[in-house]
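Q:
Residue numbers (my numbering): 6 to 569.
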């Protein structure tokens, strides 16, 4: 009897500790991310997706019974429940399912657990480390080996053990971000990434990397990796911001100014590349490549628009860096010429010609019959091995063009090259990271990283540092997790039900919302005598399929100054 009571007591303690852990993570992330006018922090239940809209199209995804059972077990979900819902035959080893969409933005582990590999035997002691490390620490690691004091430097006291005493500087530091490559992707597809698996024992491997901010989004994660800053200072805190007027939800993507112009001023923190380039008299080559501009810019910074008036380094004007992304309307590569430039190599990698030239030797889930068909399926192209191969080839050719052929790989000035392999993100959103499609893209991504590594070894010997990480993970596909999907349109309409009916389409009780942060319209609240507590209760009452969507709402004054 006493033994049974002890077991019950122990289980209760574990449950309390786990419950406290998620709240602590959310509050820490909220403190590091809140904007000056943030009033509320929203936390959904696990696996729930709060996003602008589900896609109209449905994707047919392919699954392996063995892998899906491991994923379900990892997230404490039931195989029996899933097989009943999907009407699967017990002996069926491979099966298909129509799915819609998944996303990432929370502080739950599937969104925030990321690996970090750092190869650089001259500068680092190889080993597997269990220390918690943030994306924001990455520029500080670079600053340490370059003996460079930059603005957003964080303390590395906990990581001193990884460094070797070395006066020599690397000729290049290469940062590769496997987009949506959280630990959940690797756990789901063991054996699909042999190179990265071998790198775990041939590098510094942090198995407990962490997305420590809200939200776990592409723009924010890449900003963190590029600047070392947190959203509360950098002001990049989501992929997009939502407002409501004239009865419609409107959204503004990050870095979009007036009249759809490009606006780098939204990034308030300087990047490591901004400061290092200027400190070295513009001699280093800076490269940042991703098919999405919000990722390429977040890593590189401001280029020629870097505001040197706030940086007491020297009087030299900043120069344009190689920062470029895809223009999906024209199926080519583009840039923002006021601040950046494109390498000449981008002209050889227009999207449709690349597809035609490679479709016989790349076997994947994507195919298109003509340019119009290709354009209509562009996100599926971006979530395929075609995108992976294009990204890797263009990146290597850019390094050759801008560094190697100009003998800058031996000039003693450390260059910085950033690459995001984003196909893992596109396939994860469209098909689910649990699928065979995602496994194929992960295999191609691993092969491409290996090819880049071998390219660096050929040209640099061991005079380079290669860091591989992720910007975030992602939630399981709702069809697997039995998760709910809530649109911003439904959210706005639900909260604005507190207003008189005649007012609901004219204005909103919400100034703006992302996926986790919300700013209230205080004037309208005062006019109609609606309290903050009333709005919180209204949000907590929102249901989808007769289930409550939000787990917790915190007021601004309930978020403590959490140190780390």
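Glycine included, C-beta positions come from ideal geometry on N, C-alpha and C.
If we count the other Cβ atoms within 10 Å of its Cβ and call it buried at 16 or more, is residue 368 buried or exposed?
A: exposed
Q: Touch check for the stretch 219 to 238 and the stretch 460 to 471: three-plus C-beta pairs under 8 Å?
A: With the cut-off at 8 Å, the stretch 219 to 238 and the stretch 460 to 471 do not touch.
Q: Using only CA atoms, which one of 460, 437, 429 and 436 lies nearest to residue 450?
A: 429
Q: Nearest-angstrom Cα distance between residue 496 and residue 233?
A: 33 Å
Q: Whose C-beta lies closer than 7 Å to the C-beta of residue 415 among residues of the same chain, with five residues either side of it excluded?
A: 176
Q: Might you give, ordered along the chain, the residues of its own chain that have their beta carbon closer than 6 Å to the beta carbon of residue 287, omitting 5 neighbours on each side?
A: 324
Q: Does residue 289 come out as helix, strand or coil in the three-state DSSP assignment?
A: In the structure shown, residue 289 adopts coil according to DSSP, grouped into three states.
Q: Going by CA-CA distance only, name the one from 536, 277 and 477 that's closest to residue 652.
A: Since the first residue of the chain shown is 6 and the last is 569, residue 652 is not available in this structure.
Q: The ligand SAH and residue 32: does any heavy atom of the ligand fall closer than 7 Å to the residue's C-beta?
A: For the ligand SAH, the structure offers nothing, since it holds no ligand at all.
Q: Just list the residues that DSSP pairs residue 422 with in beta bridges.
A: 179 and 292
Q: Have a look at residue 138 and residue 474 and give me their C-alpha separation to the nearest angstrom.
A: 11 Å
Q: Under 8 Å Cβ to Cβ from residue 533, same chain only, skipping five residues before and after it: list those, please.
A: 503, 504, 505 and 508
Q: Mark residue 518 as exposed unless 16 or more other C-beta atoms lie within 10 angstroms of its C-beta, in which case mark it buried.
A: Counting other Cβ atoms within 10 Å of its Cβ, residue 518 reaches 16 or more and is therefore classed as buried.
Q: Among 566, 551 and 547, which has the Cα closest to the Cα of residue 558?
A: 547
Q: What span of residues does the alpha helix (DSSP H) with residue 48 cover, start to end?
A: No alpha helix (DSSP H) holds residue 48; the beta strand (DSSP E) holding it covers 45 to 49.
Q: Among the candidates 188, 363 and 301, whose CA atom is the shortest distance from the CA of residue 122?
A: 188
Q: Note down, in chain order, each residue of its chain lying with its Cβ closer than 6 Å to the Cβ of residue 210, except the 5 sequence neighbours on either side.
A: Closer than 6 Å at the Cβ level, and outside the excluded window around residue 210, lie 122 and 133.
Q: List the endpoints of the continuous beta strand (DSSP E) containing residue 522.
A: Residue 522 -> beta strand (DSSP E) spans 522 to 525.
Q: Let me know if residue 315 comes out buried or exposed under the rule of 16 or more other beta-carbons within 10 Å of its beta-carbon.
A: Low confidence applies to residue 315: its pLDDT is 48, below 50, so where it sits in the model is not reliable, and the reading given next is rough at best. It counts as exposed.
Q: Residue ranges of each alpha helix (DSSP H) run of no fewer than 4 residues wholly in the stretch 479 to 544, ordered along the chain?
A: 483 to 486, 493 to 500 and 527 to 532, all fully within the stretch 479 to 544.
Q: When DSSP labels each residue in this structure, what does residue 256 get in the three-state scheme?
A: strand
Q: Does residue 312 come out as helix, strand or coil in the three-state DSSP assignment?
A: Reduced to three states, the DSSP call for residue 312 is coil.
Q: What's the gap between the Cα of residue 389 and the Cα of residue 114?
A: 26 Å
Q: DSSP has residue 66 in a bridge; who is on the other side?
A: 102
Q: Does the beta-carbon of residue 385 have 16 or more other beta-carbons within 10 angstroms, so that it is buried, or is it exposed?
A: Its Cβ being crowded by 16 or more others within 10 Å, residue 385 is buried.
Q: If you draw a straight line from the C-alpha of residue 231 to the C-alpha of residue 250, how long is it?
A: 34 Å
Q: Does the pairing of the stretch 408 to 422 with the stretch 278 to 292 give three or more beta-carbon distances under 8 Å?
A: At 8 Å Cβ cutoff, the stretches touch.
Q: Between the Cα of residue 241 and those of 272, 431 and 360, spot the shortest distance and give me the residue it belongs to.
A: 272
Q: Should residue 65 go down as buried or exposed, given a rule of 16 or more other Cβ atoms within 10 Å for buried?
A: Exposed, because fewer than 16 other Cβ atoms sit within 10 Å of the Cβ of residue 65.
Q: With residue 541 and residue 514 assumed to form a contact (beta carbons below 8 Å), what rounded beta-carbon distance in angstroms separates them?
A: Taking C-beta atoms under 8 Å as the contact rule, residue 541 and residue 514 fail to qualify, at a distance of about 12 Å.
Q: Under 7 Å Cβ to Cβ from residue 149, same chain only, skipping five residues before and after it: list those, please.
A: 161 and 168
Q: From residue 312 to residue 345, what distance separates their C-alpha atoms?
A: 14 Å
Q: Give every residue of the same chain whose Cβ lies closer than 8 Å to the Cβ of residue 545, excluding the five residues on either side of it in the sequence, and list them in chain order.
A: 553, 555 and 558
Q: Could you check the C-alpha separation between residue 562 and residue 81 for me, to the nearest Å?
A: Computed Cα separation, rounded: 34 Å.
Q: For residue 453, which residues from the same chain have a beta carbon less than 6 Å from its beta carbon, with the 5 sequence-adjacent residues on both sides left out?
A: The residues are 393 and 397.
Q: Taking all protein chains shown into account, do 16 or more other C-beta atoms lie within 10 angstroms of the C-beta of residue 23, making it buried, or fewer, making it exposed?
A: Confidence is the limiting factor: at residue 23 the pLDDT is only 46, short of 50, which leaves the residue's position unreliable, though a coordinate-based value still follows. With fewer than 16 other Cβ atoms within 10 Å, it is exposed.
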